[in-house]
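2 protein chains.
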Amino acid sequence: MNIRFYNARILPMEQADGTVQTGELWVRDDRIALVGDPKGREPLAFDREIDCKGNLILPGFKNAHTHSAMTFLRSFADDKPLHNWLHEDVFPMEAHLTGDDIYALTKLAVLEYVSGGVTAAFDMYYHVERIAECARDTGFRFVICGAANDFGGTAESTRRDFERLNAFDPLVSCRIGFHAEYTTSEPLLRDLAALAGELREPVFTHLSETAAEVDGCIERTGMSPIAYLDSLGMFNYGGGGFHMVHPREGDIEIMKKRGLYVCTNPASNIKLSSGVAPIETYYREGIPVAIGTDGPASNNCLDMFREMFLTTGLQKLTVGAAAANPVRVLHSACSVGAKMMGLDQCDCLKEGKQADVVMLDLHMPNMQPINNIAKNVVYSGSKSNVALTMVAGRILYERGRYTFDVDPEEVYAKADAIIARIRKAEGR
Amino acid sequence: MNIRFYNARILPMEQADGTVQTGELWVRDDRIALVGDPKGREPLAFDREIDCKGNLILPGFKNAHTHSAMTFLRSFADDKPLHNWLHEDVFPMEAHLTGDDIYALTKLAVLEYVSGGVTAAFDMYYHVERIAECARDTGFRFVICGAANDFGGTAESTRRDFERLNAFDPLVSCRIGFHAEYTTSEPLLRDLAALAGELREPVFTHLSETAAEVDGCIERTGMSPIAYLDSLGMFNYGGGGFHMVHPREGDIEIMKKRGLYVCTNPASNIKLSSGVAPIETYYREGIPVAIGTDGPASNNCLDMFREMFLTTGLQKLTVGAAAANPVRVLHSACSVGAKMMGLDQCDCLKEGKQADVVMLDLHMPNMQPINNIAKNVVYSGSKSNVALTMVAGRILYERGRYTFDVDPEEVYAKADAIIARIRKAEGR
Numbered sequence: 000m001n002i003r004f005y006n007a008r009i010l011p012m013e014q015a016d017g018t019v020q021t022g023e024l025w026v027r028d029d030r031i032a033l034v035g036d037p038k039g040r041e042p043l044a045f046d047r048e049i050d051c052k053g054n055l056i057l058p059g060f061k062n063a064h065t066h067s068a069m070t071f072l073r074s075f076a077d078d079k080p081l082h083n084w085l086h087e088d089v090f091p092m093e094a095h096l097t098g099d100d101i102y103a104l105t106k107l108a109v110l111e112y113v114s115g116g117v118t119a120a121f122d123m124y125y126h127v128e129r130i131a132e133c134a135r136d137t138g139f140r141f142v143i144c145g146a147a148n149d150f151g152g153t154a155e156s157t158r159r160d161f162e163r164l165n166a167f168d169p170l171v172s173c174r175i176g177f178h179a180e181y182t183t184s185e186p187l188l189r190d191l192a193a194l195a196g197e198l199r200e201p202v203f204t205h206l207s208e209t210a211a212e213v214d215g216c217i218e219r220t221g222m223s224p225i226a227y228l229d230s231l232g233m234f235n236y237g238g239g240g241f242h243m244v245h246p247r248e249g250d251i252e253i254m255k256k257r258g259l260y261v262c263t264n265p266a267s268n269i270k271l272s273s274g275v276a277p278i279e280t281y282y283r284e285g286i287p288v289a290i291g292t293d294g295p296a297s298n299n300c301l302d303m304f305r306e307m308f309l310t311t312g313l314q315k316l317t318v319g320a321a322a323a324n325p326v327r328v329l330h331s332a333c334s335v336g337a338k339m340m341g342l343d344q345c346d347c348l349k350e351g352k353q354a355d356v357v358m359l360d361l362h363m364p365n366m367q368p369i370n371n372i373a374k375n376v377v378y379s380g381s382k383s384n385v386a387l388t389m390v391a392g393r394i395l396y397e398r399g400r401y402t403f404d405v406d407p408e409e410v411y412a413k414a415d416a417i418i419a420r421i422r423k424a425e426g427r
Numbered sequence: 000m001n002i003r004f005y006n007a008r009i010l011p012m013e014q015a016d017g018t019v020q021t022g023e024l025w026v027r028d029d030r031i032a033l034v035g036d037p038k039g040r041e042p043l044a045f046d047r048e049i050d051c052k053g054n055l056i057l058p059g060f061k062n063a064h065t066h067s068a069m070t071f072l073r074s075f076a077d078d079k080p081l082h083n084w085l086h087e088d089v090f091p092m093e094a095h096l097t098g099d100d101i102y103a104l105t106k107l108a109v110l111e112y113v114s115g116g117v118t119a120a121f122d123m124y125y126h127v128e129r130i131a132e133c134a135r136d137t138g139f140r141f142v143i144c145g146a147a148n149d150f151g152g153t154a155e156s157t158r159r160d161f162e163r164l165n166a167f168d169p170l171v172s173c174r175i176g177f178h179a180e181y182t183t184s185e186p187l188l189r190d191l192a193a194l195a196g197e198l199r200e201p202v203f204t205h206l207s208e209t210a211a212e213v214d215g216c217i218e219r220t221g222m223s224p225i226a227y228l229d230s231l232g233m234f235n236y237g238g239g240g241f242h243m244v245h246p247r248e249g250d251i252e253i254m255k256k257r258g259l260y261v262c263t264n265p266a267s268n269i270k271l272s273s274g275v276a277p278i279e280t281y282y283r284e285g286i287p288v289a290i291g292t293d294g295p296a297s298n299n300c301l302d303m304f305r306e307m308f309l310t311t312g313l314q315k316l317t318v319g320a321a322a323a324n325p326v327r328v329l330h331s332a333c334s335v336g337a338k339m340m341g342l343d344q345c346d347c348l349k350e351g352k353q354a355d356v357v358m359l360d361l362h363m364p365n366m367q368p369i370n371n372i373a374k375n376v377v378y379s380g381s382k383s384n385v386a387l388t389m390v391a392g393r394i395l396y397e398r399g400r401y402t403f404d405v406d407p408e409e410v411y412a413k414a415d416a417i418i419a420r421i422r423k424a425e426g427r
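Chains as they are written, first to last, in numbering that gives the first Met the number 0: chain A, 0 to 427; chain B, 0 to 427.
Here you go:
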């Protein structure tokens, strides 16, 4: 399909630059064929031409850390700090999940992603082949992060997943990862570090999410989680940490040396009482910051608008009102996340890049008047502004309707049946 | 008009109780005629019957502190702490506003309110007669709060506004108020306290919003703003404070003694770096807490879902993961706000109460599965879930359309013209 968007405002987001272009965006099959002024360019044979009526086109949001299938625990496990939430609610309930469950629950998350302008998610969960199938069947883009830990997964299984998932479908990719330092024994960590070294791949994990995690690691190893993992050679080819709320002295130097990414998850961090990540410091130090929702059991929604507002708002609260420039936050949400996930072709609107595109309706009261579009999006934007979501040139959501092969009611019914079955099995 | 909602889930919110009823809600003219089971009740002559398909009916959100017409400064004045924001950006720009401007800009806010499930706003601004006209012309409910201060307004003008606005239209009411201790000299404060005493009325004001405000008052008077105002007899008949981020020792005792309300505005408080109000303490002490957005120049949107999530999330961050129970927060947003505003007939769904009602679409991915409806609304809800907003029995918004006499594009164009004119006059 070739699609023409015209009468558009465009935020290309190649840099953290809030300058809005006006003009057109052309899509040829899965790629962007033109951004801006079409003068002198031969028109494509367009299958569809969309009058944007001055609405805003920007790169889709990249949800750079999530556990999509945890939709089944939305509003089930709440109001507890991380450790209790994980051990009392999450682990026992998760133990009942089948591959079919994970396929169905991930599809529920995809509905939420595309209706909220998200075009790709960095997903850490189990039964990874079913997440990959969900990407293929829905048209949504998943980057799957390894989740090995002492309760499941080895370096060998991580390698197998890495190889087969990266060959599965253009919408699917995989990165080396593990659950967290505090759930993974040193022999397994060493095996994973060796694998990453052999493949020359970056490694991603939950990192320095809570003060208790960091203190526990220091007690066991004499080092912070970042320093300890780095001492094992884990980050020799880069990688990144999800959350990164509690860096300790020396950690930022390691992050800079290894080129580590941070994915911040502010809604989850406040809801679980984990703290506020020092994003303004990361920005100042040149550490690339992506943004994610974390899973729907801790958040409890998958809304990148809420995360963007919190990313800047919590810095203003803790550092000062000028902290966390909103254009930079928007760039984190659209572009830096793509780079962290290895989606170098999905980071901005530019000829030749993948057509992962969102249109936001500016003809709504929360976007008016238009004093500053980037600020409007970050400070005032909402999922209700999402008019269209396109992944790899295919429109998946438009004006309240899902335009891929899915029956939302069937997805909701399946999710309800799954949680009912597990609640019954657990007697709760 | 008589309207029947059937196949509904219903959260009456008479108490902070998340128990969901199923059944019907009947509306006769401007009032609720039935909630729950219609068995044995004579049906009304219904003009319209709405199949809710299991969706949720609850009392509309009460935006208990806002400056609606500040829409013109959305995304214009940002990234500064309160004092600089107010003196460098807000006051100079506001000086150019006419009554016509305020009517048009308030109408823009009404579009945002009703599309976000808000059925009433406690509005503090100028040219109050134009806000009242906006209520009458749109069908939205405004409670207007006096805004007297050293730059405009006297006890006499406050009394005149109080008398004429409370007689203007059933959708309009007025409460005694002033801008803030730090903008109002003691003679004027004494006059206002005398007026409130004479009328036996509560008094509302910006109160203890920033640490600097509180410190300044202590320096000038030897007392915190609450203690100082109370020493003038300001709260002899109750009242309340907007923001209330920084109570000092003894303040909570005064608040309890006088029955003061708090309206918390968490998005504005973090964005202006003012701090986090001790809501969990207020809840524990039995101080009634309402929720508001503050004006769109500081927030920058008028979204009670974001405020609800922040109200609980910031308490979890600062107190612990169990703080600020979401059902209590929902009750604050729907019911306590009504009581603070003097809207005793709009606080819950009950026979005889005003039909200020919202329907939230649960057939959307962020509301599924339905483990706990109240938690879904507070932790995961969004303006995109608002399917219908009714004020005084009249549907003002339904499924993306405004159903009162308004052309949104005309409202947006007017707001654009106003800010363009003022920017030109100010050379910025």
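C-beta: ideal position from N, C-alpha, C; glycine also.
Item                                                                                                                                                     : Value
Cross-strand partners of asparagine 371 of chain A (DSSP beta bridge)                                                                                    : Beta-bridge pairing links asparagine 371 of chain A to no other residue.
C-beta contact flag for alanine 68 of chain A and isoleucine 101 of chain A at 8 angstroms                                                               : yes
Cβ-Cβ distance between leucine 188 of chain A and methionine 123 of chain A below 8 angstroms                                                            : no
Straight-line gap, valine 117 of chain B to aspartate 302 of chain A (C-alpha atoms, nearest Å)                                                          : 21 angstroms
Limits of the unbroken beta strand (DSSP E) element including serine 172 of chain B                                                                      : 171-179
CB contact flag (serine 273 of chain A, glutamate 180 of chain A, <8 angstroms)                                                                          : no
Cα-Cα separation, leucine 96 of chain A to lysine 423 of chain A                                                                                         : 13 angstroms
Partners in chain B for glycine 319 of chain A, counting only beta-carbon separations shorter than 8 angstroms                                           : Pro80, Ser272
Amino acids of chain B, ordered along the chain, whose beta-carbon sits closer than 7 angstroms to that of lysine 315 of chain A                         : Ile269, Lys270, Ser272
CA-to-CA distance, alanine 296 of chain A to glutamate 306 of chain A, given in whole angstroms                                                          : 15 angstroms
Proximity of glycine 285 of chain B and threonine 65 of chain B at Cβ, strictly below 8 angstroms                                                        : no
C-beta contact flag for leucine 313 of chain B and isoleucine 269 of chain A at 8 angstroms                                                              : yes
Min CB distance isoleucine 418 of chain A to chain B below 8 angstroms                                                                                   : yes
Proximal residues to histidine 362 of chain A (C-beta, below 8 angstroms), its chain only, five neighbours per side dropped                              : Lys52, Gly53, Asn54
Minimum length 4: unbroken alpha helix (DSSP H) runs contained in the region 105-179 of chain A                                                          : 127-137, 154-165
Interfacial residues, the region 374-388 of chain B to chain A, with Cβ spacing under 7 angstroms                                                        : Lys374, Asn375, Tyr378, Ser379, Ser381, Lys382, Ser383
Separation of phenylalanine 308 of chain A from leucine 170 of chain A, as counted between CA atoms                                                      : 28 angstroms
C-beta contact flag for alanine 103 of chain B and valine 410 of chain B at 8 angstroms                                                                  : yes
Contacts around valine 376 of chain A, its chain only, beta-carbon distance under 7 angstroms, and the 5 residues preceding and following it disregarded : Leu329, Leu359
Phenylalanine 304 of chain B vs lysine 255 of chain B beta-carbon contact at 8 angstroms                                                                 : no
Interface partners of histidine 362 of chain A on chain B, CB under 9 angstroms                                                                          : Pro407, Glu408, Tyr411
Opening and closing residue of the beta strand (DSSP E) in which methionine 389 of chain A lies                                                          : 385-390
Closest by C-alpha distance to phenylalanine 241 of chain B, when choosing among B:Val89, B:Ala63, B:Arg427                                              : B:Ala63
Enclosing beta strand (DSSP E) for phenylalanine 4 of chain B [first to last residue]                                                                    : 1-9
Near-chain B residues of the region 104-137 of chain A - C-beta to any C-beta below 7 angstroms                                                          : Leu107, Leu110, Glu111, Ser114
The region 257-266 of chain B contacting the region 331-341 of chain B, beta-carbon criterion three pairs below 8 angstroms                              : yes
Sufficient close CB pairs (3 or more, under 8 angstroms) joining the region 395-402 of chain A to the region 123-142 of chain B                          : no
Valine 275 of chain B at chain A interface by Cβ criterion, 8 angstroms                                                                                  : yes
Cutoff 8 angstroms: cysteine 144 of chain B Cβ touching any chain C Cβ                                                                                   : Reference to chain C is not applicable here, since the protein chains of this structure are A and B.
Residue range of the unbroken beta strand (DSSP E) whose run includes lysine 349 of chain B                                                              : First-last for lysine 349 of chain B: undefined, no H or E at that position.
Three-state secondary structure (DSSP) of glycine 17 of chain A                                                                                          : coil
Reference serine 223 of chain A; option with closest CA among A:Val213, A:Leu231, A:Asp229, A:Ser230                                                     : A:Val213
Interfacial residues, the region 153-172 of chain A to chain B, with Cβ spacing under 8 angstroms                                                        : none
Cβ of alanine 266 of chain B within 8 angstroms of any chain A Cβ                                                                                        : yes
Meets three-Cβ-pair contact criterion under 8 angstroms: the region 188-197 of chain A and the region 147-155 of chain A                                 : yes
Status (buried if at least 16 other CB within 10 Å, exposed otherwise) for glycine 249 of chain B                                                        : exposed
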